[in-house]
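Some notes on the structure that comes next.
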Amino acid sequence: MKRKEEYIYAGIPTFMGGDFICEDDIKDYDVVFLGVPCDYGASYRLGAKYAPRLLREYSFWDRIEGQTLYDLDRKKIYKTNNFKIADLGDVFVNPTNPEKNQNAISEKTYNIAKHSFPLICGGDHSITYGSFIGVLKAVKEKFLDYEIGIIHFDAHLDVEKGYLNMPEVWHGNVFRKLIEKKYLKGENLYTIGPRGVVDEEWFNFTQENGINVYTSNDVKNKNINHIMEEISNKNKNKKIKFYITFDIDGIDSSYIFGTGTPQINGLNPYDCDEALHYMQNFDICGFDVVELNPTLDNSHNSFVIACELIYHFLAFGLRR
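Here the working numbering = 1-based position in the sequence shown + 38.
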């Protein structure tokens, strides 16, 4: 039975207007959204914990139900994927117990990834640690001979060490921790969009561990599709699935105000959109968007951009 549509300002704002479900229902859906409302892993401006609720609101008019559409930018006719999308609600956050919270994130994403495609909204970037481990566990149970990599959009490398009184895993060291704890090979990490000046030790860590770094200037000089093709060619003889983590501060600060650690000279939204369209050439096993912060963007334009990127990824970039 066709669902009854409502105006976008009416109804309960589940992600893309999908059904609100419990874990027993995951197997009946193609894509399952999970919110992780925490920002205790952020070192600068707090507020990312409010992002999942607002992202739901701004996604509410999007539908991915096999529509035939004409793309004015690319001058092509596309048919969208036809997905049953559901909303699992939020992880119950333990803000004073980060380790317990990471375990809860892993458990939830594992339960989703066993049967469906996990789409996770943070929260600060520390949530990627738990969500990646959960997806990794589910994938390894089904595909023993596959490697798991990460395509990482970000203004920062996120390979720092500890900082002040931050938790063991915070938003500045999530990939260092994944590599040090052997969940991820450095050579299977592709970071797109970092820029500016960084501690030499962080750069050395990327070199020593074989991390693939494409700076924002690389994207401007080479073209984003060339970079995505290069990543594809590097992996054409490997059995590998990729998890995408999209830190919204990868996009230039002139477009994205609603993020805790913005930087100039960043990616533009169209390049990111092109990259997410290109994901149809990869085997993608999970996606998260992090570091959106509604307290820093009264216009909420940051959420409009994020929702458009997620919509295009699910409609055209995700192969299921």
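All residues carry an ideal CB built from backbone N, CA and C; glycine is no exception.
For Gly73, write down the residues that DSSP places opposite it in a beta bridge.
Asp128 and Cys159
Using the rule of at least 16 other Cβ atoms within 10 Å of the residue's Cβ for burial, across every protein chain shown, is Ala344 buried or exposed?
buried
Distance, Cα to Cα, Tyr349 vs Ile322?
15 angstroms
Kindly indicate which residue of Leu314, Gly85 and Ser81 has the alpha-carbon position closest to the one of Val212.
Ser81
Does the Cβ of Gln140 have 16 or more other Cβ atoms within 10 Å, making it buried, or fewer, making it exposed?
buried
Check each candidate in Gly161, Glu145 and Asp125 and name the one with the smallest Cα separation from Thr333.
Gly161
Please report the straight-line C-alpha distance between Tyr148 and Lys276, rounded to a whole angstrom.
23 angstroms
For the region 67-77 against the region 123-130, are there 3 or more C-beta pairs whose distance is under 8 angstroms?
yes
For Pro156 and Arg91, I'd like the C-alpha separation in whole angstroms.
17 angstroms
Once DSSP output is grouped into helix, strand and coil, what is the label at Leu227?
strand
Measuring CA to CA, which of Tyr228, Phe243 and Asp192 is closest to Arg12?
The requested residue 12 does not occur in the structure, where the chain is confined to residues 39 to 358.
How many whole angstroms separate the CB atoms of Cys159 and Phe284, which I take to be in contact at a CB cut-off of 8 angstroms?
With 8 angstroms as the limit, Cys159 and Phe284 do not qualify as a contact, their Cβ atoms being about 10 angstroms apart.
Starting from Leu107, trace the beta strand (DSSP E) in both directions and tell me its first and last residue.
Thr106 to Asp109
Ile262 and Ala313 closer than 8 angstroms at C-beta
yes
DSSP three-state assignment for Cys60, whether helix, strand or coil:
coil
My assumption, with CB atoms under 8 angstroms, is that Asp68 sits in contact with Phe121. Please give the rounded CB distance.
4 angstroms
Report back the beta-carbon spacing between Asp256 and Ile265 to the nearest angstrom; my notes put them in contact at under 8 angstroms.
7 angstroms
Flag this pair as yes or no: are the beta carbons of Leu174 and Ile188 separated by less than 8 angstroms?
no
Going along the chain, which unbroken runs of the alpha helix (DSSP H) with 4 or more residues stay wholly within the region 222-300?
238-246, 254-260 and 262-272
Buried or exposed: Val177, going by 16 or more other Cβ atoms within 10 Å of its Cβ?
buried
Does the region 95-104 come close enough to the region 41-55 that 3 or more CB-CB pairs lie under 8 angstroms?
yes
Give the secondary structure of Asn306 by DSSP, where H, G and I count as helix, E and B as strand, and everything else as coil.
coil
By how many angstroms is the C-alpha of Glu218 removed from the C-alpha of Asn247?
10 angstroms
Member of Gly355, Lys258, Asp196 and Phe280 whose CA lies at the smallest distance from the CA of Glu329
Asp196
Excluding the five sequence neighbours on either side, which residues of its own chain have a C-beta within less than 7 angstroms of the C-beta of Met39, listed in chain order?
Unreliable positioning characterises Met39 in this predicted model, as indicated by a pLDDT of 48, which lies under 50. The coordinate reading is nonetheless provided below. There are no such residues.
Would the region 204-211 and the region 164-171 be scored as touching if the rule is three or more Cβ pairs under 8 angstroms?
yes
Note down the Cα distance separating Ser274 from Gln245, rounded to an integer number of angstroms.
It is worth fixing the name first, because residue 274 is Lys in this sequence and not Ser. In a straight line, the C-alpha of Lys274 is about 23 angstroms away from that of Gln245.
Use the C-beta contact count for Ile302: other C-beta atoms within 10 angstroms, 16 or more gives buried, fewer gives exposed.
exposed
Using the three-state DSSP reduction, which class does His190 fall into: helix, strand or coil?
strand
For Asn336 versus Gly298, is the C-beta spacing smaller than 8 angstroms?
no
Can you tell me where the beta strand (DSSP E) with Gly324 in it begins and where it stops?
Ile322 to Val328
Return the CA-CA distance between Leu107 and Gly234, expressed in angstroms with no decimal places.
39 angstroms
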